[in-house]
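Peer 1: Sharing a structure below in structure tokens format, with a few things to ask.
Protein chains: 2
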Amino acid sequence: MPADPDRTAGALYRTVAADLRESITTGRFGEAGRLPAEGALAEQYGVSRGTVRQALALLRADGLVTSRRGTRRVVLGTARVQSFSELLSFTHWARSMGEEPGGRLESMVRRPADPAECELLRLEPGTEVYVMLRLRTLSGTPVMVERTVYPPRVGEIVAELPADAVSHTEPLREHGILFTDADHTIDVVAANTEDARLLGCRRGSPLLREKRRTTDPTGTPVEWSQDRYLPGTVAFSIHNSLASSALSRHARDGD
Amino acid sequence: MPADPDRTAGALYRTVAADLRESITTGRFGEAGRLPAEGALAEQYGVSRGTVRQALALLRADGLVTSRRGTRRVVLGTARVQSFSELLSFTHWARSMGEEPGGRLESMVRRPADPAECELLRLEPGTEVYVMLRLRTLSGTPVMVERTVYPPRVGEIVAELPADAVSHTEPLREHGILFTDADHTIDVVAANTEDARLLGCRRGSPLLREKRRTTDPTGTPVEWSQDRYLPGTVAFSIHNSLASSALSRHARDGD
DNA sequence: CCGGCCAAGTTGGCCAGCCAACTTTCGGCG
DNA sequence: CGCCGAAAGTTGGCTGGCCAACTTGGCCGG
Chain A
32 MPADPDRTAG
42 ALYRTVAADL
52 RESITTGRFG
62 EAGRLPAEGA
72 LAEQYGVSRG
82 TVRQALALLR
92 ADGLVTSRRG
102 TRRVVLGTAR
112 VQSFSELLSF
122 THWARSMGEE
132 PGGRLESMVR
142 RPADPAECEL
152 LRLEPGTEVY
162 VMLRLRTLSG
172 TPVMVERTVY
182 PPRVGEIVAE
192 LPADAVSHTE
202 PLREHGILFT
212 DADHTIDVVA
222 ANTEDARLLG
232 CRRGSPLLRE
242 KRRTTDPTGT
252 PVEWSQDRYL
262 PGTVAFSIHN
272 SLASSALSRH
282 ARDGD
Chain B
32 MPADPDRTAG
42 ALYRTVAADL
52 RESITTGRFG
62 EAGRLPAEGA
72 LAEQYGVSRG
82 TVRQALALLR
92 ADGLVTSRRG
102 TRRVVLGTAR
112 VQSFSELLSF
122 THWARSMGEE
132 PGGRLESMVR
142 RPADPAECEL
152 LRLEPGTEVY
162 VMLRLRTLSG
172 TPVMVERTVY
182 PPRVGEIVAE
192 LPADAVSHTE
202 PLREHGILFT
212 DADHTIDVVA
222 ANTEDARLLG
232 CRRGSPLLRE
242 KRRTTDPTGT
252 PVEWSQDRYL
262 PGTVAFSIHN
272 SLASSALSRH
282 ARDGD
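Heads up: the protein sequence lines correspond to chains A and B, in order. Count along the first sequence starting at 1, add 31, and that's the number in the numbering used here. Count along the second sequence starting at 1, add 31, and that's the number in the numbering used here.
Structure, rendered in structure tokens:
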């Protein structure tokens, strides 16, 4: 699967968006320059203005351009937003940076879900889930501990994978398990004994935690994961704007 | 300014979106139920299908509903996405949680910008900037240290505010300084001596850091800020999907 | 009873057009 | 020279329509 989803689909507006994105990042419109008018772009690409507007909406959501009534769009930044899969898949992300991803399976157990897990994965109480613990490495050095809970349908497939499989999301996709929507929560926790042992840090030392709940196109949860990163190895980056915002700030209230 | 931007604008699609959002969060369509068809909604609200689609695009971006070709939309979650201003303004955010925000100005100095600041705020080398250091509190207890660099146009206004002003963004808005787009980067840092003194923690103890660069509608940077939160006081939450994604994961490479 | 095919329902995508709101520019006038 | 107003340019918003792609459920035949 190509890295850029804009290029994959046959949708016209994604093609236009991809082309504009490249023009922007290569500086064709200048550092803080202005884009051609919607009408001009429509004529240039041979599409309707509505299609151009769809393409520009993608760029605006990524924080590449501003847009307000009355003036041409202005280049905001020469973007770095990766594709959705680079965010979900550690493997994909690592490779896009030119690093060699690795994973060591520590444990994989099957047990009844606790009430909280049932709620998150939307399962009947007592359903069996698959709980995985993996140490993830970049070019051999440990950077992250991954604790993932899978519902049966997904866990059955993951359990069959070889223990040294680097990527789990890719085989899952081939089995028809699709990841399309994810909710992330990011905060700080202290390393517990297990974290410390696996990551080679001291117990109590700070880790960047990403909690993630992923669903498939039907809205069915397919994954509930807690990833704990060593400081200095990763940072999360988000763009938001008045036009549309998916980021929020929460008070923490336990796990 | 009302909390919900959907309600403020006269735009039809925002009104529809706000109404649908409420219907979803009050569970009118069920926990994981299905929405009425676009056509049905169009008739119900007396608008065209295109307008309904615009409204639904907002909900999809917020992670409230899925959408795929062939089936009705499905409720994903009963959302918690706040308005854009609740993310940018500590004051607004605190009040929406029922907490009493406070701020103590530690220092406000004017000095030439260093090269990195010039780059970020897009200023000529050597331009004078205003550097602010503030301790932010929730109901009296310190939770965050805020270090903000303002370009002259903005800094001049902030410098005139009383030292005990709780909110800075609100007065700025009244002076015509608008915050519309922001890039956030989230990671972990160790508290330095100053952080430790202000927050009452130990030097070297972990803090959740949010770096933020905010621009106005013209794309001109108006703020560059580093906020450092005590662990356990805040968490950041993001939704992303295959359809559109503004979140990304980065390798850290210094500040 | 099971499986496959077909039709209805639904969303994705694209087009053409219209008007309103807003910004910028430019020229005229004081 | 500077201010103000008009006009041109541009994006936001909304309508109505059309077809394609896809999902679902039911019908029919084996």
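Here a beta-carbon is modelled for each residue, glycine too, at the ideal position from N, C-alpha and C. None of these values were measured; they are calculated from a predicted model.
Excluding the 5 residues preceding and the 5 following Val240 (chain A) in the sequence, name in chain order all residues of the same chain whose CB lies nearer than 6 Å to its CB.
Peer 2: According to the sequence as given, residue 240 (chain A) is Arg; it is not Val. Closer than 6 Å at Cβ, skipping near neighbours: Asp218, Val220 and Arg259.
Peer 1: Along the chain, where does the beta strand (DSSP E) that runs through Ser138 (chain B) open and close?
Peer 2: It spans Pro132 to Pro143 - the beta strand (DSSP E) in which Ser138 (chain B) sits, taken as one unbroken run.
Peer 1: Count the C-beta pairs between the stretch 137-153 of chain B and the stretch 112-123 of chain B that are closer than 8 Å, then say yes if the count reaches three, no if not.
Peer 2: No, because fewer than three Cβ pairs between the stretch 137-153 of chain B and the stretch 112-123 of chain B fall closer than 8 Å, the two stretches do not touch.
Peer 1: Is Ala125 (chain B) near the ligand FAD - that is, is its Cβ less than 7 Å away from at least one heavy atom of it?
Peer 2: What this structure holds is no ligand at all, so the ligand FAD is not there to describe.
Peer 1: Where are the beta strand (DSSP E) runs, 3 residues long or more, that stay fully inside the stretch 183-237 of chain B, in chain order?
Peer 2: Those beta strand (DSSP E) runs which fall completely within the stretch 183-237 of chain B and span 3+ residues are 212-221.
Peer 1: Could one say the Cβ of Phe115 (chain A) lies closer than 8 Å to chain B's Cβ atoms, at least one of them?
Peer 2: Chain B contact via Cβ: present.
Peer 1: Would you check if the distance between the CB atom of Val106 (chain B) and the CB atom of Gly64 (chain B) is smaller than 8 Å?
Peer 2: Yes, Cβ-Cβ distance for Val106 (chain B) and Gly64 (chain B) is below 8 Å.
Peer 1: Going by C-alpha distance, which of A:Glu150, A:Trp255, A:Leu229 and A:Val174 is nearest Phe210 (chain A)?
Peer 2: Cα-wise, what sits closest to Phe210 (chain A) is A:Trp255.
Peer 1: Buried or exposed: where does Ser268 (chain A) fall if 16 or more other Cβ atoms within 10 Å of its Cβ makes it buried?
Peer 2: It is buried - the Cβ of Ser268 (chain A) has at least 16 other Cβ atoms within 10 Å.
Peer 1: Can you check DSSP and say which residues form a bridge with Ser268 (chain A)?
Peer 2: Beta-bridge pairing links Ser268 (chain A) to B:Thr216 and B:Ser279.
Peer 1: Reducing DSSP to helix, strand and coil, say where Asp247 (chain B) ends up.
Peer 2: Note: Asp247 (chain B) maps to coil in three-state DSSP.
Peer 1: Give me the DSSP bridge partner(s) of Leu66 (chain A).
Peer 2: According to DSSP, Leu66 (chain A) bridges with nothing at all.
Peer 1: My output table needs one value for Val47 (chain B): the three-state DSSP class, helix, strand or coil.
Peer 2: Helix, per DSSP.
Peer 1: Tell me which residues share the same chain as His270 (chain B) and place their Cβ nearer than 7 Å to its Cβ, disregarding the 5 neighbours each side in the sequence.
Peer 2: If we look at His270 (chain B) and ignore the five residues flanking it on each side, its Cβ neighbours are Asp93 and Gly94.
Peer 1: Chain A beta carbons: is any one of them nearer than 8 Å to that of His281 (chain B)?
Peer 2: It does; some Cβ of chain A falls within 8 Å.
Peer 1: Roughly how far, in whole angstroms, is the beta-carbon of Ala282 (chain B) from the beta-carbon of Val265 (chain A), given that I think they are within contact range, below 8 Å?
Peer 2: Indeed they touch by this definition, with Cβ atoms about 7 Å apart.
Peer 1: Since Gln85 (chain A) contacts Tyr44 (chain A) with CB under 8 Å, what's their CB separation in whole angstroms?
Peer 2: With 8 Å as the limit, Gln85 (chain A) and Tyr44 (chain A) qualify as a contact, their Cβ atoms being about 4 Å apart.
Peer 1: Which residues, in chain order, does the stretch 205-236 of chain A contribute to contact with chain B at a C-beta distance below 7 Å?
Peer 2: Flagged, chain order: Thr211, Asp212, Ala213, Asp214, His215, Thr216, Ile217, Asp218 and Val219.
Peer 1: So is Ser272 (chain A) buried or exposed if we call it buried at 16+ other beta carbons inside 10 Å?
Peer 2: By the 10 Å Cβ count, Ser272 (chain A) comes out buried.
Peer 1: What is the C-beta distance between Leu166 (chain B) and Arg126 (chain B), in whole angstroms, given that I count them as a contact (C-beta under 8 Å)?
Peer 2: The pair is not a contact, with the Cβ atoms about 18 Å apart (cut-off 8 Å).
Peer 1: Would DSSP call Glu11 (chain A) helix, strand or coil?
Peer 2: Absent from the model: residue 11 (chain A). The displayed extent of chain A is 32 to 286, so no value can be given.
Peer 1: Leaving out five residues on either side along the sequence, give the residues of the same chain with a beta carbon under 7 Å from the beta carbon of Arg103 (chain B).
Peer 2: Around Arg103 (chain B): Arg65, Leu66 and Ala68.
Peer 1: Quick one: what's got a C-beta closer than 6 Å to Val47 (chain B)'s C-beta in the same chain, skipping five residues either side?
Peer 2: So the qualifying residues of the chain are Tyr76 and Ala86.
Peer 1: Any residues in the stretch 123-141 of chain B with a beta carbon nearer than 7 Å to a beta carbon of chain A? Which ones, in chain order?
Peer 2: Per Cβ criterion, the list reads Trp124 and Met128.
Peer 1: Since I believe Leu154 (chain A) is in contact with Pro182 (chain A) (beta carbons under 8 Å), could you give me their beta-carbon distance rounded to a whole number of angstroms?
Peer 2: Yes, Pro182 (chain A) and Leu154 (chain A) are in contact; Cβ-Cβ is about 6 Å, under 8 Å.
Peer 1: In chain order, what residues of the same chain lie with their CB nearer than 6 Å to the CB of Leu89 (chain A), ignoring the 5 residues before and after it?
Peer 2: Answer for Leu89 (chain A): Ala48, listed in chain order.
Peer 1: 8 Å is my cut-off, CB to CB: does Ser272 (chain A) come that close to chain B?
Peer 2: So yes, Ser272 (chain A) belongs to the interface.
Peer 1: Does the beta-carbon of Ala42 (chain A) have 16 or more other beta-carbons within 10 angstroms, so that it is buried, or is it exposed?
Peer 2: Exposed, by the Cβ-count rule.
Peer 1: Along the beta strand (DSSP E) that carries Arg259 (chain A), what are the first and last residues, could you check?
Peer 2: First-last of the beta strand (DSSP E) with Arg259 (chain A): Pro252 to Tyr260.
Peer 1: Please report how far the alpha carbon of Thr251 (chain B) lies from the alpha carbon of Gly207 (chain B), in whole angstroms.
Peer 2: Distance between the alpha carbons of Thr251 (chain B) and Gly207 (chain B): 13 Å.
Peer 1: Can you tell me where the alpha helix (DSSP H) with Thr122 (chain A) in it begins and where it stops?
Peer 2: That run of the alpha helix (DSSP H) goes Phe121 to Ser127.
Peer 1: Below 6 Å CB to CB, which residues in the same chain sit around Val180 (chain B) once its five sequence neighbours on both sides are set aside?
Peer 2: If we look at Val180 (chain B) and ignore the five residues flanking it on each side, its Cβ neighbours are Glu148, Val160, Val162 and Trp255.
Peer 1: Let me check understanding here. Comparing Cα to Cα, which of A:Glu131, A:Pro248, A:Gly81 and A:Pro262 lies closest to Arg100 (chain B)?
Peer 2: With distances taken between Cα atoms, Arg100 (chain B) lies closest to A:Pro248.
Peer 1: Going by other Cβ atoms of all chains shown within 10 Å of its Cβ, with 16 needed for buried, is Ala213 (chain B) buried or exposed?
Peer 2: With 16 or more Cβ atoms within 10 Å of its Cβ, Ala213 (chain B) is classed as buried.
Peer 1: Identify the continuous alpha helix (DSSP H) that holds Thr102 (chain B) and give its terminal residues.
Peer 2: Careful: Thr102 (chain B) lies outside any alpha helix (DSSP H) and carries neither H nor E.
Peer 1: Run down chain A in chain order and give the residues with a C-beta less than 8 Å from the C-beta of Ser268 (chain B).
Peer 2: Near Ser268 (chain B) (Cβ distances below 8 Å), the residues of chain A are Asp214, His215, Thr216, Ile217, Leu278, Ser279, Arg280 and His281.
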